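For reference, the structure discussed in these notes is given below.
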Amino acid sequence: MGRGSSGAPALVSCAIIMFLSTSAMASLPSKSSALKVGFYKSTCPQAEVIVRNAVNKAVSRNPGIGAGLIRLLFHDCFVRGCDASVLLNSSPGNKAEREHFASHTLRGFEVIDEAKARLEATCPKTVSCADILAFAARDSAYQLGGISYAVPAGRRDGLVSLQDDILQNLPPPFFNAKQLVDLFASKGLSVDEMVTLSGAHSIGVSHCSVFSERLYAVDNVTDAHDPPLDAKYRAFLRTICPRPKSGNTASDPLVALDSTPTRLDNKYYQDLQNHRGILISDQTLFSSSATADMVTDNARDNKAWSLKFAKAMVRMGSIEVLTGSQGEVRRRCSSVN
Numbered sequence: 013m014g015r016g017s018s019g020a021p022a023l024v025s026c027a028i029i030m031f032l033s034t035s036a037m038a039s040l041p042s043k044s045s046a047l048k049v050g051f052y053k054s055t056c057p058q059a060e061v062i063v064r065n066a067v068n069k070a071v072s073r074n075p076g077i078g079a080g081l082i083r084l085l086f087h088d089c090f091v092r093g094c095d096a097s098v099l100l101n102s103s104p105g106n107k108a109e110r111e112h113f114a115s116h117t118l119r120g121f122e123v124i125d126e127a128k129a130r131l132e133a134t135c136p137k138t139v140s141c142a143d144i145l146a147f148a149a150r151d152s153a154y155q156l157g158g159i160s161y162a163v164p165a166g167r168r169d170g171l172v173s174l175q176d177d178i179l180q181n182l183p184p185p186f187f188n189a190k191q192l193v194d195l196f197a198s199k200g201l202s203v204d205e206m207v208t209l210s211g212a213h214s215i216g217v218s219h220c221s222v223f224s225e226r227l228y229a230v231d232n233v234t235d236a237h238d239p240p241l242d243a244k245y246r247a248f249l250r251t252i253c254p255r256p257k258s259g260n261t262a263s264d265p266l267v268a269l270d271s272t273p274t275r276l277d278n279k280y281y282q283d284l285q286n287h288r289g290i291l292i293s294d295q296t297l298f299s300s301s302a303t304a305d306m307v308t309d310n311a312r313d314n315k316a317w318s319l320k321f322a323k324a325m326v327r328m329g330s331i332e333v334l335t336g337s338q339g340e341v342r343r344r345c346s347s348v349n
């Protein structure tokens, strides 16, 4: 979900019932149990409607914003937990997560800000930015894929955002399956949830510079864990992406990560079966024996994958949450109170 990049007018780089093992459930922090559906029913009953309206307006104008909002939640939850740290601006003496190069293509901040402003006007100091982001990602999944699910809320906003936290918590585009499994496991997510959430790349794009070395390496071999691309697709991508040159950033086109880039669906997995995964970290899911069967299952049944995606999004949205008196409810999402 965070292994590519986002950009206009194309879409980002980044969804009920799935039975979870007892060990997988136990691996998520117990604080997630403090979240509940309908958390704002009495304190701000219009909260989710206000967020939904802001998302629907933005996505109707540019579907890429919906993809960006899903990616924002992924970045937020994998770095310091789902505490809206990704939304904070830098402050004197501190560079925030948004300063890291991996965050430069994040988008959708203005949608969160618009929703927050309306919420502050309606029910001040009540709805956290972390919850707004979780609602917005859900509403984006519905707009782009018809995927609907209830979002447990009650998250509080964090007080810290550090640029240096990014590198050790987000998967780069060259990770292999084992590295992805290990990273997601460190966040309390199962192998199947990792493969399921990777399907968000159905609405993803990547800059050519992220993967172009794969296109021009001799015999399509860049290193031992790089799965081969379909030859015809590789030739097609060469017509879009220039040969990589050291320090040359003048031309860096965007390429969709699957063949239905405006629709959140299981076509991503079918493309992996056809060896059309642009990123190593995508194609490795089908080339690895540990995850290939999961790719096949998801490719076979879009409805089943959509239900799993919804459940996995709820699980991801519960990573290391702040609740109760922890953190704060920010008045503005880009700065602490």
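Counting in the numbering used here, the sequence shown runs from 13 upward without gaps.
Just so you know, even glycine gets a beta-carbon here, dropped at the ideal spot from N, CA and C.
Quick caveat: nothing in here was measured; it's all calculated off a predicted structure.
Do you know offhand how far residue i's Cα is from residue j's?
i           : j           : result
residue 55  : residue 148 : 19 Å
residue 359 : residue 113 : An answer regarding residue 359 cannot be provided, because it is not within the stretch 13 to 349 covered by the chain.
residue 125 : residue 67  : 11 Å
residue 350 : residue 120 : A query on residue 350 cannot be resolved here, the shown segment of the chain reaching from 13 to 349 and no further.
residue 339 : residue 168 : 6 Å
residue 174 : residue 347 : 13 Å
residue 298 : residue 131 : 43 Å
residue 171 : residue 97  : 7 Å
residue 47  : residue 59  : 15 Å
residue 104 : residue 310 : 46 Å
residue 270 : residue 65  : 28 Å
residue 86  : residue 210 : 11 Å
residue 69  : residue 89  : 25 Å
residue 353 : residue 92  : Absent from the structure is residue 353, since the part of the chain shown begins at 13 and ends at 349.
residue 295 : residue 345 : 36 Å
residue 280 : residue 129 : 36 Å
residue 198 : residue 146 : 21 Å
residue 283 : residue 110 : 31 Å
residue 207 : residue 53  : 34 Å
residue 181 : residue 223 : 21 Å
residue 287 : residue 255 : 21 Å
Here's the rule: buried if 16 or more other CB atoms are within 10 angstroms of the residue's CB, otherwise exposed. What is residue i?
i           : result
residue 144 : buried
residue 179 : exposed
residue 349 : exposed
residue 247 : exposed
residue 106 : exposed
residue 137 : exposed
residue 314 : buried
residue 257 : exposed
residue 219 : buried
residue 318 : buried
residue 139 : buried
residue 164 : buried
residue 57  : exposed
residue 50  : exposed
residue 229 : exposed
residue 152 : buried
residue 251 : exposed
residue 108 : buried
residue 337 : exposed
residue 75  : buried
residue 352 : Nothing can be reported for residue 352, as the shown portion of the chain is limited to 13 through 349.
In the DSSP output, what is residue i paired with across the bridge?
i           : result
residue 169 : 340
residue 106 : 103
residue 219 : 266
residue 48  : 165
residue 347 : 344
Taking 8 Å as the threshold (beta carbon to beta carbon), is residue i in contact with chain C?
i           : result
residue 130 : No chain C appears in this structure, which consists of one protein chain only.
Report the CB separation of residue i from residue j in whole angstroms; it is logged as a contact under 8 Å.
i           : j           : result
residue 77  : residue 71  : 5 Å
residue 141 : residue 342 : 5 Å
residue 307 : residue 290 : With 8 Å as the limit, residue 307 and residue 290 do not qualify as a contact, their Cβ atoms being about 15 Å apart.
On the three-pair Cβ rule with 8 Å, is the region 303 to 317 touching the region 202 to 218? Taking one beta carbon from each stretch, the region 303 to 317 and the region 202 to 218 have 3 or more pairs nearer than 8 Å; the two touch.
Would you call the region 150 to 161 and the region 324 to 344 in contact, with 3 or more CB pairs under 8 Å? Contact annotation: the region 150 to 161 touches the region 324 to 344, with at least three C-beta pairs closer than 8 Å.
When the Cβ atoms of the region 275 to 284 are set against those of the region 333 to 341, are three or more pairs found closer than 8 Å? Taking 8 Å as the limit for Cβ pairs, the verdict is that the region 333 to 341 does not touch the region 275 to 284.
Given 8 Å as the limit, is there contact between the region 75 to 89 and the region 214 to 225, that is, 3 or more CB pairs closer than that? The answer is yes - the region 214 to 225 touches the region 75 to 89, with three or more Cβ pairs under 8 Å.
Would you be able to state if there are at least three C-beta pairs under 8 Å between the region 261 to 271 and the region 183 to 199? Counting Cβ pairs under 8 Å, fewer than three are found: no touch.
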